[in-house]
Every structure is written in structure tokens, then in C-alpha cells.
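Chemist: With the UniProt record's numbering applied, the sequence shown covers 1 to 268.
I'd like to ask you about the structure that follows.
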Amino acid sequence: MKQADIQSFLIDFFTSRQASIVEKSDGILTVKLTEQLDEQLMNRPFYWQYVKKLGKVGETMSVTFITDEEKRDQQKGEWIHFGSPRLDQIFHIIQREGAYTVLYEDCQSNSTTKTPLHPWLICNIRVKYRGFLSKDELVSVGIRLIDGTMRFQMMDEIEHKNFASSVPNFCFTLPTIISTERAVERVTEELQQRIKQKSTHFVNKSHRLYEREMNMLKKLIIDDEKDDAEHQRAKVQIFERLYPQVDLEWINLGYFYVSEQMSKELIS
Numbered sequence: 001m002k003q004a005d006i007q008s009f010l011i012d013f014f015t016s017r018q019a020s021i022v023e024k025s026d027g028i029l030t031v032k033l034t035e036q037l038d039e040q041l042m043n044r045p046f047y048w049q050y051v052k053k054l055g056k057v058g059e060t061m062s063v064t065f066i067t068d069e070e071k072r073d074q075q076k077g078e079w080i081h082f083g084s085p086r087l088d089q090i091f092h093i094i095q096r097e098g099a100y101t102v103l104y105e106d107c108q109s110n111s112t113t114k115t116p117l118h119p120w121l122i123c124n125i126r127v128k129y130r131g132f133l134s135k136d137e138l139v140s141v142g143i144r145l146i147d148g149t150m151r152f153q154m155m156d157e158i159e160h161k162n163f164a165s166s167v168p169n170f171c172f173t174l175p176t177i178i179s180t181e182r183a184v185e186r187v188t189e190e191l192q193q194r195i196k197q198k199s200t201h202f203v204n205k206s207h208r209l210y211e212r213e214m215n216m217l218k219k220l221i222i223d224d225e226k227d228d229a230e231h232q233r234a235k236v237q238i239f240e241r242l243y244p245q246v247d248l249e250w251i252n253l254g255y256f257y258v259s260e261q262m263s264k265e266l267i268s
């Protein structure tokens with residue numbers, strides 16, 4: 001998922017929780033929250049305690065989100081992007097609601113021949129880069145639990161497909177060969193290898209800036225009479241700010257059972 005995809009992600013998040021979309025345009029989204037979302041997002045615990053104590057119905061807030069950076073100065077609202085506190089808050093809500101889901105491709109057929117559904121595990125992961133720059137990337141990886149075939153940006157591939165929460169008529173699920181634990185290990189290994197290959201510039205530049213600032217600090221320490229504890233704090237701050245780090249944060253997992261035709265499309 002890229003910055004341009006955040007608005008559609010927000011629309012899916014809020015509509016699936018019965019919030020009302022008040023206004024929608026490119027890069028701008030206004031939402032009327034439900035009571036539950038207001039309590040989860042707006043940090044008004046005393047208001048809701050007061051309302052409920054009086055036995056009244058509270059008034060939920062409306063929030064405008066701006067996802068197009070060019071419109072930040074044209075419209076009042078919250079600028080939301082990867083790494084912003086609000087988006088982190090929404091990710092945490094999704095995590096609390098459930099670690100995984102199970103869905104089946106809605107491939108209803110009038111045929112009496114049963115259709116096999118192939119098991120895929122979809123892993124949604126946030127990659128957090130910290131160094132000379134800080135940025136987050138959302139990665140969606142699918143792995144077929146029969147043979148280990150992987151597909152990156154999996155959610156983009158299936159977002160327009162129809163799925164059901166139960167096995168459709170005249171369909172049956174194929175058994176998994178690869179365990180969930182092993183699938184997660186393989187996805188992690190592949191993702192770490194890809195990150196290592198593409199982040200050479202990020203790591204090298206972060207290292208250079210880190211070493212430069214540490215050398216500058218050492219020169220200052222020679223002529224500085226401040227206590228050693230303050231110098232140690234300065235070193236820690238430089239390390240936390242510039243030393244290259246790439247962390248993986250697992251958002252959720254999903255088991256998706258899809259037809260052989262969709263499997264072929266995904267691995268082609």
C-alpha cells in the first residue's frame with residue numbers, strides 16, 4: 001500500500017464499522033464516527049463517562065482526513081500518512097479486533113462438480129525504516145500453503161475479488177502442506193532478503209551521518225566540562241536518531257481459499 005492508497009484503506013476501515021462518509025474527494029475524506037470509533041479514536045473518556053452516567057445519547061465527532069500532501073494547506077483536517085499517530089492508532093485497532101481472518105473465494109457454480117479451493121496465507125506487514133530518514137512501508141505478502149509460492153502486494157491483487165465467510169456450495173478446501181509457523185518464517189526470510197538488497201544506500205548514508213555526528217561529539221567532549229552522564233545521553237540520542245534500523249511489525253494474517261484459476265493468476 002502506497003500513500004495514494006491510504007484514502008481507499010480509510011474508506012474500507014470506516015464503512016466496515018458503520019461510520020458515515022460525509023464527504024469524499026481526491027485526497028480528502030470526512031467521516032462521521034460511530035460511538036465506538038469516537039471512543040477508540042478521539043480521546044474523550046470523560047465526555048463518554050459523563051454522557052453514559054446521565055443515560056443520554058452522546059454526539060459523535062466528524063473528522064476530516066487529508067491524504068494528499070498538496071491539499072494540506074487548502075483544507076482544514078488531519079494530514080494522515082505512514083508514521084502518523086492517527087494511522088498507527090487505526091492499525092492498532094485492527095490488531096486488537098483480531099489477528100487473522102478466514103475467507104473463501106465466492107465462486108458459486110450450478111455445476112455438481114466440486115471445485116477445489118487452494119489455501120493462501122496473506123501476511124500484512126509494516127516495514128519501519130529509521131536512520132537518516134524515517135519512513136514506513138506497508139507490505140502484503142501471500143504464500144500458497146501447498147507449495148510455498150509467494151506473491152508480493154497480494155492485497156492489491158485480490159481487493160476487487162469477492163469472498164465469503166463460509167465455503168461456497170460445490171466447493172471444498174485443499175489441505176495445507178506448509179504450517180502457518182513455517183510460512184511466516186519463509187515470508188520473513190524473503191522479506192528480510194529483499195530489504196537487505198534494496199536498502200544499501202539507506203544503510204550506508206545513515207552510517208556515514210551517524211559516524212560524522214559521533215566524531216563531532218567526541219571533539220566537543222574534549223573541550224566540554226559537562227558531566228559524563230550528559231555525554232552518554234547525547235550518544236544514545238544520536239544512535240536512536242541516525243543508526244540504521246529496519247524493523248518488521250506484523251499487522252495481521254489472513255487465510256484465503258481461492259480457486260485454481262485465481263491461484264494461476266496470482267503466480268503467473
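Note that CB positions come from ideal geometry on N, CA and C, so glycine has one too.
Note that this is a predicted model, so its numbers are computed, not measured.
Within this structure, are the beta carbons of residue 265 and residue 118 separated by less than 8 angstroms?
Modeler: no
Chemist: How big is the Cα-Cα spacing for residue 172 and residue 116?
Modeler: When the Cα atoms are used, residue 172 and residue 116 turn out to be separated by approximately 5 angstroms.
Chemist: Within the continuous beta strand (DSSP E) that includes residue 245, where are the two ends?
Modeler: 245-259
Chemist: When burial is assigned at 16 or more other CB atoms within 10 Å of the CB, is residue 242 buried or exposed?
Modeler: buried
Chemist: Going by DSSP, what residue range makes up the beta strand (DSSP E) through residue 119?
Modeler: 115-130
Chemist: Should residue 272 and residue 143 be called a contact, given that it needs their Cβ atoms to be closer than 8 angstroms?
Modeler: Because the chain spans 1 through 268 in this model, residue 272 falls outside it and cannot be assessed.
Chemist: Can you list, in chain order, the residues of its chain with a C-beta nearer than 6 angstroms to that of residue 164? Leave out the 5 residues immediately preceding and following it.
Modeler: 104, 106, listed in sequence order.
Chemist: Rounding to the nearest angstrom, what Cα-Cα distance links residue 28 and residue 200 in this structure?
Modeler: 35 angstroms
Chemist: Nearest to residue 101 by alpha carbon, out of 17, 73, 166?
Modeler: 166
Chemist: Within 10 angstroms of the Cβ of residue 175, are there 16 or more other Cβ atoms? Answer buried if so, exposed if not.
Modeler: Its Cβ having fewer than 16 others within 10 Å, residue 175 is exposed.
Chemist: State the DSSP-derived secondary structure class of residue 150, mapped to helix, strand or coil.
Modeler: strand
Chemist: Just to check, is the beta-carbon of residue 234 closer than 7 angstroms to a non-hydrogen atom of the ligand FMN?
Modeler: Summarising the ligand content, the structure contains no ligands, and the ligand FMN is consequently not present.
Chemist: Would you grab the beta carbon distance between residue 80 and residue 86 for me? Rounded to a whole angstrom, and I think it's under 8 angstroms.
Modeler: 5 angstroms
Chemist: For residue 252 and residue 97, what's the separation of their Cα atoms in angstroms?
Modeler: Those two C-alpha atoms are separated by around 10 angstroms.
Chemist: Just tell me which of 42, 237, 194, 130 has its CA closest to the CA of residue 141.
Modeler: 194
Chemist: Closer than 6 angstroms by C-beta to residue 250: which residues in its own chain qualify, once you throw out the five before and the five after it? Chain order, please.
Modeler: 125
Chemist: Are the C-beta of residue 82 and some C-beta of chain D separated by less than 8 angstroms?
Modeler: Structure shown: chain D not included; a single protein chain is present.
Chemist: Can you tell me the Cα-Cα spacing of residue 25 and residue 78, whole angstroms?
Modeler: Computed Cα separation, rounded: 15 angstroms.
Chemist: So, for residue 236: in the same chain, excluding its five sequence neighbours on each side, which residues have a beta-carbon less than 8 angstroms away from its beta-carbon?
Modeler: none
Chemist: Cα separation between residue 178 and residue 190?
Modeler: Each residue's alpha carbon lies about 16 angstroms from the other.
Chemist: Given residue 285, which residues of its chain have a CB within under 8 angstroms of its CB, disregarding the five upstream and five downstream residues?
Modeler: Since the first and last residues shown for the chain are 1 and 268, residue 285 lies out of range.
Chemist: May I have the straight-line CA-CA distance separating residue 19 from residue 48, to the nearest angstrom?
Modeler: 18 angstroms
Chemist: What runs of the alpha helix (DSSP H), each 4 residues or longer, lie entirely inside the region 170-234?
Modeler: 180-198, 200-223
Chemist: Looking at the structure shown, is residue 144 part of a helix, part of a strand, or coil, going by DSSP?
Modeler: strand
Chemist: In three-state DSSP terms, what is residue 67?
Modeler: coil
Chemist: On the three-state DSSP scale, how would you describe residue 240?
Modeler: helix
Chemist: Within a Cβ cutoff of 7 angstroms, which residues of the same chain sit near residue 59, ignoring the five residues on either side of it in sequence?
Modeler: none
Chemist: Residues in the same chain with beta-carbon distance under 6 angstroms from residue 63, minus the five sequence neighbours each way, listed in chain order, please.
Modeler: Here residue 63 has 31 as same chain residues with Cβ atoms under 6 angstroms from its own Cβ, once five neighbours each way along the sequence are excluded.
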